[in-house]
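Enquirer: Take 524 as the starting number for the sequence shown in our numbering and just add one per residue.
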Amino acid sequence: MYVDIVSGEALFSSSDKFDSGSGWPSFTRPIEKKVVLEKTDNSHFMNRIEVRSTKADIHLGHIFDDGPAPTGQRYCINSASLKFIPKEKMAESGYDKYLYLFADKSARNMETAIFAAGCFWGVEEYFSRVKGVIKSESGYTGGTKKNPTYEEVCTGKTGHAESVRVIFDPKVVSYERLLQHFWEMHDPTSLNKQGNDIGSQYRSAIFYTNPEQERTARASLERLAKSGKYSKKIVTEILPAKEFYLAEEYHQDYLKKNPYGYCHIDLRKATN
Numbered sequence: 524m525y526v527d528i529v530s531g532e533a534l535f536s537s538s539d540k541f542d543s544g545s546g547w548p549s550f551t552r553p554i555e556k557k558v559v560l561e562k563t564d565n566s567h568f569m570n571r572i573e574v575r576s577t578k579a580d581i582h583l584g585h586i587f588d589d590g591p592a593p594t595g596q597r598y599c600i601n602s603a604s605l606k607f608i609p610k611e612k613m614a615e616s617g618y619d620k621y622l623y624l625f626a627d628k629s630a631r632n633m634e635t636a637i638f639a640a641g642c643f644w645g646v647e648e649y650f651s652r653v654k655g656v657i658k659s660e661s662g663y664t665g666g667t668k669k670n671p672t673y674e675e676v677c678t679g680k681t682g683h684a685e686s687v688r689v690i691f692d693p694k695v696v697s698y699e700r701l702l703q704h705f706w707e708m709h710d711p712t713s714l715n716k717q718g719n720d721i722g723s724q725y726r727s728a729i730f731y732t733n734p735e736q737e738r739t740a741r742a743s744l745e746r747l748a749k750s751g752k753y754s755k756k757i758v759t760e761i762l763p764a765k766e767f768y769l770a771e772e773y774h775q776d777y778l779k780k781n782p783y784g785y786c787h788i789d790l791r792k793a794t795n
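1. Could I get the ranges of all uninterrupted beta strand (DSSP E) runs contained in the stretch 734 to 764, with 3 residues as the minimum, in chain order?
2. May I have the straight-line CA-CA distance separating L747 from G595, to the nearest angstrom?
3. Among G641, H585, Y783, D720, whose alpha-carbon lies nearest the alpha-carbon of E760?
4. Mark L534 as exposed unless 16 or more other C-beta atoms lie within 10 angstroms of its C-beta, in which case mark it buried.
5. Between the C-alpha atoms of F568 and E634, what's the straight-line distance to the nearest angstrom?
6. Per DSSP, T794 forms a beta bridge with which residues?
7. Is the number of C-beta pairs between the stretch 732 to 749 and the stretch 649 to 660 that are closer than 8 Å three or more?
8. What number of angstroms, rounded off, separates the C-alpha of S659 from the C-alpha of H585?
9. Let me confirm a value: L583 is counted as buried when at least 16 other C-beta atoms fall within 10 Å, else exposed. Which label applies?
10. Can you list the alpha helix (DSSP H) stretches of 4 or more residues lying completely in the stretch 633 to 670, in chain order?
11. From L762 to T739, what distance separates their C-alpha atoms?
12. Return yes when the Cβ of L605 is within less than 8 Å of the Cβ of S536, no when it is not.
13. Could you tell me the distance, in whole angstroms, from the CA atom of T664 to the CA atom of F730?
14. Quick check on the DSSP output: the alpha helix (DSSP H) that includes V676 runs from which residue to which?
15. Residues in the same chain with beta-carbon distance under 6 Å from K540, minus the five sequence neighbours each way, listed in chain order, please.
16. Can you tell me whether Y753 is buried or exposed, with buried defined as 16 or more other CB within 10 angstroms of its CB?
17. Does the beta-carbon of S750 have 16 or more other beta-carbons within 10 angstroms, so that it is buried, or is it exposed?
18. Name the residue from L714, K562, L778, C599 whose alpha carbon lies nearest to the alpha carbon of R552.
19. Hey, how far is the Cα of K610 from the Cα of K755?
20. Which residues in the same chain as L622 place their Cβ atom closer than 8 Å to its Cβ, once the five residues preceding and following it in sequence are excluded?
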């Protein structure tokens, strides 16, 4: 993995590195969009897009639209701006949260699901306890604000919902089963409110990542609506996944760090 030489911020994965023939380290994408900033660069009589690191605001290189699939982009980066962290050194260097990027080849068969069910602290912790879930992480999605902060999302003006991205092994736990956990962990008839939290950022939502997930989610909602379990209408949104922005580090694994912290979910239900 490659990190910012100044701040140590994780920037690029070696799994996204390719030989562009330019002589410069080239990547198809950053680890997360939010870790880099793009800026118009008209120097040297050229019109280019400069890439800078978000935390340290140092020059990294430029981005071009001549890269390989799946992004079609080439992040051409100055090697002097990067520090390489070998996989075997990542944990001791404090980058263990990124080890999932370098799992064995079977990781290519992992799938991603995104759910919103109120405060993401409890939702993340719940899914982390489900067998077959490789990783769950808190973030923001569904809105229009780029790289939102927690404070901005709390205003209810960004359109984002507190959400959890779940990376799972479909051979161990199905998407259908994750949906069952989702329905069980919160009240899908409560509009913009879960537990003590009120606001559109706490809405109930499913963000599907492919057409099969959409079909499965809609069928699951329909069955639940017809089951008679709820007297009120289910208000859960089912929408295509948009850019997912990782929440600040102190939100990640919050209930593991703060086992007596606030949680609106009964974590005892997190069984298969």
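By construction, the Cβ of each residue, glycine as well, lies at the ideal position given by its N, Cα and C atoms.
Just so you know, these numbers come straight off a predicted model, no measurement behind them.
Expert: Taking the coordinates as given:
1. 760 to 763
2. 41 Å
3. G641
4. buried
5. 44 Å
6. According to DSSP, T794 bridges with nothing at all.
7. no
8. 32 Å
9. buried
10. 643 to 651
11. 13 Å
12. no
13. 9 Å
14. 673 to 677
15. F550
16. exposed
17. exposed
18. C599
19. 50 Å
20. K610, M613, A614
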